[in-house]
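In UniProt numbering, the protein residues as written are 1 to 148.
Right, dumping it as structure tokens:
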């Protein structure tokens, strides 16, 4: 579902009211799944707008794969973890030589800038991490957690 919304996001000059309404409905469904405390954390960090991606890890486990994404913004850092992965789809080059960003203070270089993080919960928890250069990642999982 997020694939079509992300394509619209990148092609519209300004985010349309229709797209905003659809995203609000997604957020409401997601809040019931991840809880108000996690939603407040996401809102307090402006949906991770202008954060930078340091790491994208995918690990095999005995049950289902897990994924960890490490982000930073100024001096703040956060790890988003996904457990019970159903699928991960990357749209556009996740990393390329032309996409490197200079490191922040005491940080490694980044390979992507986050524009927004979207969440939904229908059949499973769905996360869309919109990146610069019209790239995005859609992760479908059973659970997610934040570590800051």
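All C-beta atoms in this analysis are idealised placements derived from N, C-alpha and C, irrespective of residue type, glycine included. Only a predicted model underlies this, so the values are computations on that prediction, with no experimental measurement involved.
Exposure of residue 74, with buried meaning 16 or more beta-carbon neighbours within 10 Å: As a working note, residue 74 is residue 74 in the chain shown. With fewer than 16 Cβ atoms within 10 Å of its Cβ, residue 74 is classed as exposed.
Opening and closing residue of the beta strand (DSSP E) in which residue 50 lies: Translated into the one-based positions of the chain shown, residue 50 becomes position 50. It is not in any beta strand (DSSP E) - residue 50 carries neither H nor E in the DSSP assignment.
Sub-8 Å separation of residue 119 and residue 129 beta-carbons: Position 119 of the chain shown, counted from the start, is the residue given in the question as residue 119. Position 129 of the chain shown, counted from the start, is the residue given in the question as residue 129. Result no, Cβ atoms of residue 119 and residue 129 do not sit closer than 8 Å.
C-alpha gap between residue 135 and residue 62, whole angstroms: Within the chain shown, residue 135 is the residue found at index 135, counting from 1. Within the chain shown, residue 62 is the residue found at index 62, counting from 1. So the two alpha carbons sit approximately 30 Å from each other.
Residue interval of the alpha helix (DSSP H) (run including residue 9): Sequence index remark: in the chain shown, residue 9 carries index 9 (1-based). Its alpha helix (DSSP H) spans residues 2–11.
Minimum length 4: unbroken alpha helix (DSSP H) runs contained in the segment 20–90: 36–44
Endpoints, beta strand (DSSP E) assigned at residue 112: Numbered from 1 along the chain shown, position 112 holds the residue referred to as residue 112. From DSSP, the beta strand (DSSP E) with residue 112 extends over 112–121.
Residue 111 vs residue 53 beta-carbon contact at 8 Å: Residue mapping note: residue 111 aligns to position 111 of the chain shown, counting from 1. Residue mapping note: residue 53 aligns to position 53 of the chain shown, counting from 1. It is a contact, given that the beta carbons lie within the stated cut-off.
Secondary structure of residue 126, DSSP reduced to three states: Here the question's residue 126 lines up with position 126 in the chain shown. Three-state DSSP puts residue 126 in a strand.
Rounded straight-line distance, which links the Cα of residue 51 to that of residue 124: Within the chain shown, residue 124 is the residue found at index 124, counting from 1. Within the chain shown, residue 51 is the residue found at index 51, counting from 1. So the alpha carbons of these two residues sit roughly 25 Å apart.
Supposed contact pair residue 55 and residue 69 - C-beta distance, whole angstroms, cut 8 Å: Locating residue 69 in the chain shown gives position 69, counting from the first residue. Locating residue 55 in the chain shown gives position 55, counting from the first residue. With 8 Å as the limit, residue 69 and residue 55 qualify as a contact, their Cβ atoms being about 7 Å apart.
Residue from 101, 18 and 145 with nearest C-alpha to residue 131: Within the chain shown, the letter at position 131 stands for residue 131. Comparing Cα-Cα distances from residue 131 to each of 101, 18 and 145, the minimum goes to 101.
Alpha carbon of residue 76 to alpha carbon of residue 113, nearest angstrom: Here the question's residue 76 lines up with position 76 in the chain shown. Here the question's residue 113 lines up with position 113 in the chain shown. Going from the Cα of residue 76 to the Cα of residue 113 covers about 15 Å.
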